[in-house]
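Student:
There are 2 protein chains.
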Amino acid sequence: MAKIAFIGLGNMGGPMAANLLKAQHQVAAFDLSAKALEAAVAAGASRAADVAAAVKGAEVVITMLPAGKHVREVYEGAVLGAAAKGALLIDCSTIDVESARHVAAAAAKAGLDMVDAPVSGGVGGATAGTLTFMVGGPDAAFARAKPILEKMGRNIVHAGASGNGQAAKICNNMMLGITMIGTCEAFMMAKRLGLDAQKLFDIASTASGQSWALTSYCPVPGPVPTSPANRDYAAGFTAAMMLKDLMLAQDAARSVGASTPMGAEAAQLFSLFVGSGSGSVDFSGIIRMIDGR
Amino acid sequence: MAKIAFIGLGNMGGPMAANLLKAQHQVAAFDLSAKALEAAVAAGASRAADVAAAVKGAEVVITMLPAGKHVREVYEGAVLGAAAKGALLIDCSTIDVESARHVAAAAAKAGLDMVDAPVSGGVGGATAGTLTFMVGGPDAAFARAKPILEKMGRNIVHAGASGNGQAAKICNNMMLGITMIGTCEAFMMAKRLGLDAQKLFDIASTASGQSWALTSYCPVPGPVPTSPANRDYAAGFTAAMMLKDLMLAQDAARSVGASTPMGAEAAQLFSLFVGSGSGSVDFSGIIRMIDGR
Numbered sequence: 024m025a026k027i028a029f030i031g032l033g034n035m036g037g038p039m040a041a042n043l044l045k046a047q048h049q050v051a052a053f054d055l056s057a058k059a060l061e062a063a064v065a066a067g068a069s070r071a072a073d074v075a076a077a078v079k080g081a082e083v084v085i086t087m088l089p090a091g092k093h094v095r096e097v098y099e100g101a102v103l104g105a106a107a108k109g110a111l112l113i114d115c116s117t118i119d120v121e122s123a124r125h126v127a128a129a130a131a132k133a134g135l136d137m138v139d140a141p142v143s144g145g146v147g148g149a150t151a152g153t154l155t156f157m158v159g160g161p162d163a164a165f166a167r168a169k170p171i172l173e174k175m176g177r178n179i180v181h182a183g184a185s186g187n188g189q190a191a192k193i194c195n196n197m198m199l200g201i202t203m204i205g206t207c208e209a210f211m212m213a214k215r216l217g218l219d220a221q222k223l224f225d226i227a228s229t230a231s232g233q234s235w236a237l238t239s240y241c242p243v244p245g246p247v248p249t250s251p252a253n254r255d256y257a258a259g260f261t262a263a264m265m266l267k268d269l270m271l272a273q274d275a276a277r278s279v280g281a282s283t284p285m286g287a288e289a290a291q292l293f294s295l296f297v298g299s300g301s302g303s304v305d306f307s308g309i310i311r312m313i314d315g316r
Numbered sequence: 024m025a026k027i028a029f030i031g032l033g034n035m036g037g038p039m040a041a042n043l044l045k046a047q048h049q050v051a052a053f054d055l056s057a058k059a060l061e062a063a064v065a066a067g068a069s070r071a072a073d074v075a076a077a078v079k080g081a082e083v084v085i086t087m088l089p090a091g092k093h094v095r096e097v098y099e100g101a102v103l104g105a106a107a108k109g110a111l112l113i114d115c116s117t118i119d120v121e122s123a124r125h126v127a128a129a130a131a132k133a134g135l136d137m138v139d140a141p142v143s144g145g146v147g148g149a150t151a152g153t154l155t156f157m158v159g160g161p162d163a164a165f166a167r168a169k170p171i172l173e174k175m176g177r178n179i180v181h182a183g184a185s186g187n188g189q190a191a192k193i194c195n196n197m198m199l200g201i202t203m204i205g206t207c208e209a210f211m212m213a214k215r216l217g218l219d220a221q222k223l224f225d226i227a228s229t230a231s232g233q234s235w236a237l238t239s240y241c242p243v244p245g246p247v248p249t250s251p252a253n254r255d256y257a258a259g260f261t262a263a264m265m266l267k268d269l270m271l272a273q274d275a276a277r278s279v280g281a282s283t284p285m286g287a288e289a290a291q292l293f294s295l296f297v298g299s300g301s302g303s304v305d306f307s308g309i310i311r312m313i314d315g316r
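Those sequence lines, one after another, are chains A and B. The opening residue of the first sequence carries number 24 in my numbering; numbering runs sequentially from there. The opening residue of the second sequence carries number 24 in my numbering; numbering runs sequentially from there.
(1) So what's Thr86/A in DSSP terms, helix, strand or just coil?
(2) Compare the C-beta of Thr202/B against all C-beta atoms of chain E and say whether one is closer than 8 angstroms.
(3) Can you name, in chain order, every residue of its own chain whose Cβ lies under 6 angstroms from the Cβ of Ala75/B, other than the five neighbours on each side?
(4) Is it the case that the Cβ atoms of Ile193/B and Met285/B are separated by a distance below 8 angstroms?
(5) Counting only beta-carbon separations shorter than 8 angstroms, does Gln233/B have a partner in chain A?
(6) For Phe156/A and Val180/A, which I take to be in contact (beta-carbon distance under 8 angstroms), what is that distance rounded to the nearest angstrom?
(7) Between Ser231/A, Val97/A, Asp225/A, which has its C-alpha nearest Val84/A's C-alpha?
(8) Are the segment 215-226 of chain A and the segment 156-175 of chain A touching, with three or more C-beta to C-beta distances below 8 angstroms?
(9) Compare the beta carbon distance of Ala90/A and Ile113/A with 8 angstroms and say whether it is the shorter of the two.
(10) On the CB-based measure, 16 or more other CB atoms within 10 Å of its CB, does Gln189/B come out buried or exposed?
(11) Taking only three categories from DSSP, how would you classify Asn178/B?
(12) Look at Ser116/B and Thr86/B and say whether their C-beta atoms are less than 8 angstroms apart.
(13) List, in chain order, every chain A residue whose beta-carbon is nearer than 8 angstroms to that of Ala157/B.
(14) Fully enclosed by the segment 75-127 of chain B, which beta strand (DSSP E) runs are 3 residues long or longer?
(15) Would you say Glu208/A touches the ligand PLP, meaning its beta carbon is less than 7 angstroms from a heavy atom?
(16) Using a C-beta cutoff of 8 angstroms, does Ile313/A count as contacting chain B?
(17) Skipping 5 residues on each side, what residues in its chain have a beta carbon closer than 7 angstroms to that of Met24/A?
(18) My output table needs one value for Thr155/B: the three-state DSSP class, helix, strand or coil.
(19) Short check: CB of Ala184/A to CB of Gly159/A, under 8 angstroms?
(20) Spell out a yes or no on whether the segment 58-78 of chain B and the segment 170-178 of chain B are touching, meaning 3 or more CB-CB pairs, one atom from each, closer than 8 angstroms.
(21) Helix or strand or just coil, what does DSSP make of Ser282/A?
(22) Would Ser231/A pass as a contact of Leu223/B if the rule is Cβ separation under 8 angstroms?
(23) Against chain A, with Cβ distances strictly below 8 angstroms, would Leu218/B count as a contact?
(24) At the level of alpha carbons, what is the spacing between Gly298/A and Asp255/B?
(25) Checking the sheet assignment: what are the DSSP bridge partners for Ile30/B?
(26) Taking Cβ positions, are Leu103/B and Ala140/B nearer each other than 8 angstroms?
(27) Between which two residues does the alpha helix (DSSP H) holding Met198/A run?
(28) Below 8 angstroms on C-beta distance, what does Glu173/A contact in chain B?
(29) What whole-angstrom Cβ distance do Val320/A and Ala262/A have, given they're in contact under 8 angstroms?
(30) Would you verify that the beta carbon of Ala149/A is, or is not, closer than 8 angstroms to some beta carbon of chain B?
(31) Hey, how far is the Cα of Gly33/A from the Cα of Ala40/A?
(32) Please check the pair Ala72/B and Ala51/B, which I expect to be a contact at CB under 8 angstroms, by giving their CB distance rounded to whole angstroms.
(33) Output the distance between the C-alpha atoms of Phe210/A and Asn196/B, rounded to the nearest integer angstrom.
(34) Output needed in chain order: residues of the segment 283-304 of chain A with a Cβ under 8 angstroms from some Cβ in chain B.
(35) Considering Asp225/B, what are the terminal residues of the alpha helix (DSSP H) in which it resides?
Okay, structure coming up:
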């Protein structure tokens with residue numbers, strides 16, 4: 024079993040580290056939050072005094088951090104200097120593609136294998152160990168990371184070179200954000216036109232309007248009993264998280280000169296929704312704003 | 024077998040009437056285009072001199088016309104006056120919800136059963152008799168229309184009261200138009216980020232980015248061999264038809280005070296694409312515009 028350093032034990036990192044411990048890995052944990060660190064220790068991790076202390080002697084380093092700037096700071100400020108020769112670096116944070124590639128290049132220069140491996144599946148998936156990992160990095164690094172990631176997730180996909188894990192995630196989530204708002208607009212227009220939501224669902228779900236947003240995560244209560252609409256839009260995947268991913272997509276589009284008019288509109292609409300105080304609501308709850316509530 | 028009047032024998036109406044003839048119905052045909060009328064006669068229809076002549080003595084009247092104004096003119100100018108007592112009226116045109124409800128109310132006042140029954144499935148579906156009909160109108164009228172529509176389509180759905188067939192179609196197609204552009208944006212951003220199209224497809228098609236636009240009608244060549252992207256965007260469903268439906272959705276949204284920011288953006292983007300001379304291209308070809316080609 025591997026000696027693993029785990030940096031960042033928040034809502035996602037905490038349960039992910041717990042699953043590594045359940046799989047009999049040794050985990051040295053660090054988080055700026057004493058409370059988060061405490062919970063990891065309670066789950067069986069050893070407490071590290073700082074990032075460098077956690078990383079020292081580890082065969083695998085896993086990070087789960089809020090944004091690109093934290094990833095740059097943690098890797099360039101501590102991990103790359105403290106990591107043992109031959110250590111494997113896995114960044115599970117969802118960050119901008121540029122930062123992911125920048126840090127991966129620095130790791131390569133230091134002679135270390137690294138992958139970016141952002142996740143989807145939320146806190147529920149992290150706890151159940153059913154996350155999807157979208158992984159960017161060289162084949163050899165992916166092959167080393169896969170058995171570790173399999174202790175925390177069910178679906179481990181290699182998306183190509185460094186940064187491509189991030190690229191895959193924001194491309195997927197940009198499609199999702201756009202499609203969800205479009206689905207919300209259709210249901211609210213249907214309501215005003217006197218077309219029953221269940222009728223629209225029955226028709227569109229077997230036609231060209233079908234999408235995961237419609238048939239797995241329907242934004243009106245009723246047609247899909249498991250969707251957040253049936254529990255007053257309790258998240259799920261929060262509107263704030265969707266806004267973060269849509270903003271990362273806009274950063275990426277700008278950096279490579281891609282045109283994303285619908286992606287930009289979706290980012291602006293989620294910005295309005297989050298700005299109105301709905302950041303912690305499930306992202307499908309944007310239907311309330313579309314409805315004028 | 025029924026005596027049917029069929030008004031409007033264009034790309035869609037022509038093959039639909041041919042399927043009624045194949046089912047041994049008697050069809051009296053009329054079209055302003057001599058060529059379209061000629062083709063229907065060649066398929067076995069009898070030639071009518073005008074709308075009133077076609078409708079006279081018919082048990083069922085079917086119309087397939089370009090827009091709301093034509094439907095108003097044809098019904099209020101001829102059909103309602105000429106139709107036999109007890110005749111069933113079926114308008115298969117895709118038109119604005121307001122016109123559909125206006126004409127249905129006039130038919131009801133004249134004591135005639137009427138349904139709006141717009142289709143999806145395109146010329147291919149019309150020819151093969153596999154169209155989907157989205158039907159609005161009273162239960163009794165739907166029950167009468169169903170066996171007739173079944174000779175031209177495979178999926179006959181009752182969407183509720185008069186106008187709801189149109190409402191269902193534009194709600195579905197608005198979701199489709201929005202989702203398709205979002206999918207195109209994701210693929211073009213992925214390309215510039217160095218993420219392989221097949222990889223993005225493999226990931227998103229089993230994740231929350233999944234949609235019919237992605238998995239049945241993928242806008243890049245390769246992942247879905249039957250999609251128009253693999254035949255240089257030969258339609259399929261033309262960009263001009265998608266623009267028409269998105270504009271009808273905007274009309275409907277305005278008429279009932281529904282907010283459709285993504286629907287409006289999609290309509291504007293298809294307007295740009297069609298305006299650049301690409302109206303006859305498949306609607307998924309809008310990816311060329313997104314790509315800057």
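C-beta: ideal position from N, C-alpha, C; glycine also.
Tutor: On the basis of the data shown:
(1) Counting from one through the first sequence, the residue named residue 86/A turns up at place 63. Note: Thr86/A maps to strand in three-state DSSP.
(2) This model lacks chain E altogether; the protein chains it does include are A and B.
(3) Residue mapping note: residue 75/B aligns to position 52 of the second sequence, counting from 1. Within the same chain, Ala75/B has close Cβ partners Ala101, Ala105.
(4) For the purposes of this step, residue 193/B is identified with residue 170 of the second sequence, where counting begins at 1. For the purposes of this step, residue 285/B is identified with residue 262 of the second sequence, where counting begins at 1. Against a cut-off of 8 angstroms, the Cβ pair of Met285/B and Ile193/B comes out as no contact.
(5) As a working mapping, residue 233/B is identified with position 210 in the second sequence. Chain A, which has a Cβ nearer than 8 angstroms to the Cβ of Gln233/B, makes this yes.
(6) As a first step, residue 156/A must be located in the first sequence, where it is residue number 133. As a first step, residue 180/A must be located in the first sequence, where it is residue number 157. Confirmed, about 7 angstroms.
(7) One-based indexing of the first sequence puts residue 84/A at position 61. Taking only the C-alpha atoms, the option nearest Val84/A is Val97/A.
(8) no
(9) Taking the first residue of the first sequence as position 1, residue 90/A is located at position 67. Taking the first residue of the first sequence as position 1, residue 113/A is located at position 90. No, they are not a contact pair.
(10) Start at 1 with the first residue of the second sequence, and residue 189/B comes out as number 166. Classification for Gln189/B: buried.
(11) As a working mapping, residue 178/B is identified with position 155 in the second sequence. Correct three-state label for Asn178/B: strand.
(12) The residue labelled residue 116/B in the question sits at position 93 within the second sequence. The residue labelled residue 86/B in the question sits at position 63 within the second sequence. Cβ atoms of Ser116/B and Thr86/B: closer than 8 angstroms.
(13) Here residue 157/B refers to the residue found at position 134 of the second sequence. According to the sequence displayed, residue 157/B carries Met and not Ala. The answer, in chain order, is Ile226.
(14) 83-86, 111-114
(15) Absence of the ligand PLP from the depicted structure is noted, as is the absence of any ligand whatsoever, leaving it without description.
(16) As a first step, residue 313/A is located in the first sequence; it is residue number 290 there, counting from the start. With 8 angstroms as the cut-off, Ile313/A counts as an interface residue toward chain B.
(17) Stepping through the first sequence from its first residue, residue 24/A is reached at position 1. For Met24/A, where only same-chain residues beyond five positions count, the Cβ hits under 7 angstroms are Gln47, His48, Gln49.
(18) Position 132 of the second sequence, counted from the start, is the residue given in the question as residue 155/B. It is a strand residue.
(19) Your numbering for residue 184/A matches position 161 in the first sequence. Your numbering for residue 159/A matches position 136 in the first sequence. Yes, they are a contact pair.
(20) no
(21) For this step, residue 282/A is matched to residue 259 along the first sequence. The answer is coil: DSSP assigns Ser282/A none of H, G, I, E or B.
(22) As a position in the first sequence, residue 231/A is number 208, starting the count at 1. As a position in the second sequence, residue 223/B is number 200, starting the count at 1. Not a contact, by the Cβ cut-off of 8 angstroms.
(23) Mapped onto the second sequence, residue 218/B falls at position 195. Leu218/B counts as touching chain A.
(24) Position 275 of the first sequence, counted from the start, is the residue given in the question as residue 298/A. Position 232 of the second sequence, counted from the start, is the residue given in the question as residue 255/B. Their Cα atoms are separated by approximately 43 angstroms.
(25) Residue numbering aside, residue 30/B sits at position 7 when the second sequence is read from its first letter. According to DSSP, which records beta bridges pairwise, Ile30/B is partnered with Phe53/B, Thr86/B.
(26) Here residue 103/B is taken as the residue at index 80 of the second sequence, counted from 1. Here residue 140/B is taken as the residue at index 117 of the second sequence, counted from 1. Contact flag unset, no.
(27) Here residue 198/A refers to the residue found at position 175 when the first sequence is read from its first residue. It spans 187-216 - the alpha helix (DSSP H) in which Met198/A sits, taken as one unbroken run.
(28) The sequence position of residue 173/A within the first sequence is 150, counting from 1. Within 8 angstroms Cβ-Cβ: nothing; Glu173/A doesn't reach chain B, min ~17 angstroms.
(29) Nothing about residue 320/A can be read from this structure; chain A reaches only from 24 to 316.
(30) The residue labelled residue 149/A in the question sits at position 126 within the first sequence. Not an interface residue.
(31) On the first sequence, residue 33/A is found 10 positions in, with the first residue counted as 1. On the first sequence, residue 40/A is found 17 positions in, with the first residue counted as 1. In a straight line, the C-alpha of Gly33/A is about 10 angstroms away from that of Ala40/A.
(32) In the second sequence, the residue the question calls residue 72/B occupies position 49. In the second sequence, the residue the question calls residue 51/B occupies position 28. So it is not a contact: roughly 10 angstroms between Cβ atoms.
(33) For the purposes of this step, residue 210/A is taken as the residue at position 187 of the first sequence. For the purposes of this step, residue 196/B is taken as the residue at position 173 of the second sequence. Whole-angstrom Cα-Cα distance: 12 angstroms.
(34) Thr283, Pro284, Met285, Gly286, Glu288, Ala289, Leu292
(35) Numbered from its first residue, the second sequence carries residue 225/B at position 202. Here the alpha helix (DSSP H) through Asp225/B covers 220-227.
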